[in-house]
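Residues 0 to 430, numbered by numbering that gives the first Met the number 0, are exactly what the sequence shown covers, in order.
Backbone N, C-alpha and C define an ideal beta-carbon position, used for all residues, glycine too.
In this text, all values refer to a predicted model and were calculated from it rather than measured experimentally.
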Amino acid sequence: MSRTLITLDSVSASSVFIILLLVTATANQGCRLNINYRSFLENVRNNFIFKGQSNMVQNILQVTNGLPGENLSANLTGRILYENRLKLWRKSHRVSSFNTRFVLAIAPQSNPPGEGLAIILTRDPQVPENSYGQWLGITNAGKDGTPGNKIIAFEFDTRKSFREDVDNNHFGVNINSIKSNRTTSLTQFGVNLSSLTPITATIDYDGTKKMVNVSVSMNKRGANSEFPILSMPLDLSRHLPEDVYVGFSASTSSDIQLNCITEWYFSSSDIEKYNATHFYVAILIPLTSIEIIRNDPKKLDLSGSSGCRRRKSIRLEKFDGADFGFWKMQIKDYLYQKKLYEPLLEKKPEGMKDEDWNLLDRQALGVIRLTFSRNIAFNIAKEKTTTDSWNATVTTVSSSSGSNKLKFNDVRDLVLSEEIRRRESGELSTS
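In C-alpha cells:
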C-alpha cells in the first residue's frame, strides 16, 4: 500500500525538540481506548470477550444468542466485552472522559418481550450466576446492591420488574445494582425499544465535571433526531477500579427477545496533566503523525491508540457533502479527544494568551480541513479561522443540497449537539 507520511523530518529542528521534550514529560501518564465498528466481521471476533450465551452472528453482536424464527431458549444471559480494558482513573483522582455511540436492535420473540440490554463498565468480565431474567446479566439476588460488584450499567429495559422501573420501555443508570439510581421513560421521547427499529444511543461522560449525558435517536445516525434523555452527576471513580472492561450485558426470561448491537463507537481521553505551556505544545503531536492512504482518498488516518498496550490509527471518513450526520459524529469526538473544541465554541480558556489561542484555533482549523474531500476543501481554502471555515462549509453544503444557508450556530449545534454546547458555555443547569 502506497502511503504519504508526515514525519519528524518534515518539521523544524526546534519543533522536533519541543515535541520530544513533551513526550518525555508526559510518557505513561495516560492512555486512550478507541473502538470503532460499523459492523462486526468474523476477523474481529478475537477483539471481544464472549461470556454466557452470547455470540457474533451475521456481522452483529448478539448479547443473547439466537436467530429470528428459531425456537429460542428462555432464561438466557450474556456479556460481550472489548478485549482491552479502559484506564478510567488514576490515583491522582484524574478521571477519563469518554464518548460512546452504539446502535442497538431489540427484536421481540414473544408478547410481551423481555428482558433488556445494557452497556456496562465492570471490574469482572464473568456473568454472575442466576443473572438471567430481570437481572439483565448485571447482578443477581444474592449480590444486588453490594459495593463489591464494581459495575455501572446504562440499561435499556423492556420490562417493569422493580418499583424503581417507571414502565416497560425505560432507560436507567444503575450503580452496583439492577435497581436504577436514575430512570426515565423512553416513551415520552417517541422511542420504543420493542419496535424492531434500530435505536442509536449516545453517552457522553465528562471526567472533569463528573457528569453523564445520554441521548437517543430512533433514526440511525440522524443529525436532527437525537433527544437528550438524561443528565446527572456521576463520579465513576467512587464506584469502579482504575481499570475496567467496557461492553454489553443482556438477558431474557420466559419472555424472549433478541438483544443485538449492530454498530459501536467508543473513545476515551488521555488522563494527562497539562499546564499553560503544555497545552498548545501537546496538540502539535497529532498533526505530525497524520497518515493519508493514497489508494483510499475517502479515508484519513489520525494517530490514536487502542487500550494501553498498542497503538493503532483512528480512521476518519472524509466529508464529501454526503452523510453529514456521521461526519459530524466523527469530528466532534476527535476534537474533544484532542482538546481542540474551544475554537468551535468560540470559548477562549481563562488565562490563555492571545498567541496561544490563535495557535489553537489554527490547529483546530487544520484538523477540520484534513477531513474534507477536495470539492469541500476548495471552498474554504482562503479561510483563516475555525469560525470562518464553518461558515464557508455550510455555504458549500447548503448550495449542494438546495437548502437555505444556515448560520454558524446551526452548524455548531449539529456538530456538538445543543445540550453539549450549552453545558460547555454554562447555559445549561443540571440537577
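Opposite residue 42 in the DSSP bridges: which residues?
By one-based count along the sequence shown, residue 42 stands at place 43. According to DSSP, residue 42 bridges with nothing at all.
Evaluate residue 154 with the Cβ neighbour count: other Cβ atoms within 10 Å of its Cβ, from every protein chain shown; 16 or more gives buried, anything less gives exposed.
Along the sequence shown, read from residue 1 onward, the residue named residue 154 stands at position 155. Flag for residue 154 reads buried.
Indicate the three-state DSSP secondary structure (helix, strand or coil) for residue 186 in the structure shown.
Counting from one through the sequence shown, the residue named residue 186 turns up at place 187. Three-state result, residue 186: helix.
For residue 50, collect the residues of the same chain with a Cβ closer than 7 angstroms to its Cβ; drop the 5 residues on either side in sequence, then sort them by chain order.
In the sequence shown, the residue the question calls residue 50 occupies position 51. Closer than 7 angstroms at Cβ, skipping near neighbours: 77, 78, 124, 125, 126.
Would DSSP call residue 363 helix, strand or coil?
On the sequence shown, residue 363 is found 364 positions in, with the first residue counted as 1. For residue 363, the three-state secondary structure derived from DSSP is helix.
Given a threshold of 16 other Cβ atoms within 10 Å of its Cβ, counted over all protein chains shown, does residue 488 qualify as buried or as exposed?
In this structure the chain extends from 0 to 430, so residue 488 is not present and cannot be described.
What are the residues that DSSP puts in a beta bridge with residue 104?
Within the sequence shown, residue 104 is the residue found at index 105, counting from 1. Answer by DSSP bridge pairing, in chain order: 259.
For residue 275, which residues of its own chain have a beta-carbon under 6 angstroms away from its beta-carbon, when the five flanking residues on both sides are left out?
Position 276 of the sequence shown holds residue 275. At residue 275 the pLDDT is 34, less than 50, meaning the model places this residue with poor confidence and gives no usable figure here.
How big is the Cα-Cα spacing for residue 237 and residue 372?
In the sequence shown, counting from the first residue as 1, residue 237 sits at position 238. In the sequence shown, counting from the first residue as 1, residue 372 sits at position 373. Roughly 44 angstroms between the two C-alpha positions.
Closest by C-alpha distance to residue 67, when choosing among 182, 207, 256, 214:
The residue given as residue 67 occupies position 68 in the sequence shown. Answer by Cα proximity: 256.
Measuring straight from C-alpha to C-alpha, what distance separates residue 189 and residue 217?
The count along the sequence shown starts at 1 and reaches residue 189 at position 190. The count along the sequence shown starts at 1 and reaches residue 217 at position 218. Computed Cα separation, rounded: 8 angstroms.
The stretch 177-191 in contact with the stretch 246-261 per 3-pair CB rule at 8 angstroms
When C-beta atoms of the stretch 177-191 are compared with those of the stretch 246-261, fewer than three pairs fall below 8 angstroms, so the two segments do not count as touching.
Less than 8 angstroms between the CB atoms is what I'm expecting for residue 473 and residue 177, so what's the real figure, rounded?
Residue 473 falls outside the range modelled here, since the chain spans only 0 to 430, and no answer is possible.
Just list the beta strand (DSSP E) runs in the stretch 91-136, keeping only unbroken ones of 3 residues or longer that don't cross its boundaries, in chain order.
Correct list: 97-107, 115-121.
Hey, would you say the C-beta of residue 132 is under 8 angstroms away from at least one heavy atom of the ligand FAD?
The ligand FAD is not among the ligands present in this structure, which contains no ligands whatsoever.
Reducing DSSP to helix, strand and coil, say where residue 50 ends up.
Counting from one through the sequence shown, the residue named residue 50 turns up at place 51. Strand, per DSSP.
Are residue 449 and residue 342 close, meaning C-beta to C-beta below 9 angstroms?
Limits of the chain in this structure are 0 at one end and 430 at the other, which puts residue 449 out of reach.
Secondary structure at residue 306, three-state DSSP: helix, strand or coil?
Taking the sequence shown and counting its residues from 1, the one referred to as residue 306 is at position 307. At residue 306, the pLDDT of 45 sits below 50, so the modelled position is not reliable; the number obtained from the coordinates is stated separately. It is coil, neither helix nor strand.
Leaving out the 5 sequence neighbours to the left and right, which residues in its chain are closer than 6 angstroms to residue 186 when beta-carbon positions are compared?
For the purposes of this step, residue 186 is taken as the residue at position 187 of the sequence shown. Taken in chain order, the residues that qualify are 168.
Could you pull out every residue in the same chain whose Cβ sits closer than 7 angstroms to the Cβ of residue 39, ignoring the five residues on either side in sequence?
The count along the sequence shown starts at 1 and reaches residue 39 at position 40. The beta carbon of residue 39 is closer than 7 angstroms to those of 55, 58, 59, 60 in its chain, skipping five residues each way along the sequence.
Apart from the five residues on each side of it in sequence, which residues of its chain come closer than 6 angstroms, Cβ to Cβ, to residue 264?
Translated into the one-based positions of the sequence shown, residue 264 becomes position 265. Taken in chain order, the residues that qualify are 35, 100.
Please identify the residue among 92, 47, 254, 110 whose C-alpha is closest to the C-alpha of residue 84.
As a first step, residue 84 must be located in the sequence shown, where it is residue number 85. The residue with the shortest Cα to Cα distance from residue 84 is 47.
Determine the contact status of residue 241 and residue 31, defining contact as a CB-CB distance below 9 angstroms.
Counting from one through the sequence shown, the residue named residue 241 turns up at place 242. Counting from one through the sequence shown, the residue named residue 31 turns up at place 32. Residue 31 is positioned such that its CB atom lies no closer than 9 angstroms to that of residue 241.
How many angstroms separate the CA atom of residue 175 from the CA atom of residue 239?
Numbered from 1 along the sequence shown, position 176 holds the residue referred to as residue 175. Numbered from 1 along the sequence shown, position 240 holds the residue referred to as residue 239. Going by the C-alpha atoms only, they are around 9 angstroms apart.
N- and C-terminal bounds of the alpha helix (DSSP H) containing residue 235:
Your numbering for residue 235 matches position 236 in the sequence shown. Counting along the chain, residue 235 falls outside any alpha helix (DSSP H), and DSSP gives it neither H nor E.
Can you tell me whether residue 348 is buried or exposed, with buried defined as 16 or more other CB within 10 angstroms of its CB?
To locate residue 348, count along the sequence shown from 1; it is residue 349. Exposed: under 16 other Cβ atoms inside 10 Å.
Around the C-beta of residue 232, are 16 or more other C-beta atoms found within 10 angstroms, so that it is buried, or is it exposed?
Taking the sequence shown and counting its residues from 1, the one referred to as residue 232 is at position 233. By the neighbour-count criterion, in which 16 or more other beta carbons inside 10 Å mark a residue as buried, residue 232 falls on the exposed side.
May I ask which residues mark the beginning and end of the alpha helix (DSSP H) holding residue 341?
Position 342 of the sequence shown, counted from the start, is the residue given in the question as residue 341. 341-344 is the span of the alpha helix (DSSP H), which, as asked, contains residue 341.
Taking only three categories from DSSP, how would you classify residue 368?
Working through the sequence shown from its first residue, we reach residue 368 at position 369. Helix.
Which residues in the same chain have their Cβ closer than 6 angstroms to the Cβ of residue 95, if we skip the five residues on either side of it in sequence?
In the sequence shown, residue 95 corresponds to position 96, counting from 1. Taking residue 95 as the centre and dropping the five residues before and after it, the same chain places the C-beta of 87, 206, 267, 268, 270 closer than 6 angstroms to its C-beta, in chain order.
Closest to residue 166 by CA distance: which of 215, 115, 146 is it?
In the sequence shown, counting from the first residue as 1, residue 166 sits at position 167. When only C-alpha atoms are compared, the closest one is 115.
Using CA atoms only, rank isn't needed, just tell me which of 180, 145, 148 is closest to residue 161.
Position 162 of the sequence shown, counted from the start, is the residue given in the question as residue 161. It is 180 whose Cα lies nearest to the Cα of residue 161.
Distance between residue 351 and residue 137 (C-alpha atoms, nearest Å)
The count along the sequence shown starts at 1 and reaches residue 137 at position 138. The count along the sequence shown starts at 1 and reaches residue 351 at position 352. Across the structure, residue 137 and residue 351 are spaced so that their CA atoms are roughly 45 angstroms apart.
Please classify residue 146: does DSSP put it in a helix, a strand, or coil?
Start at 1 with the first residue of the sequence shown, and residue 146 comes out as number 147. Residue 146 falls in the helix class under three-state DSSP.
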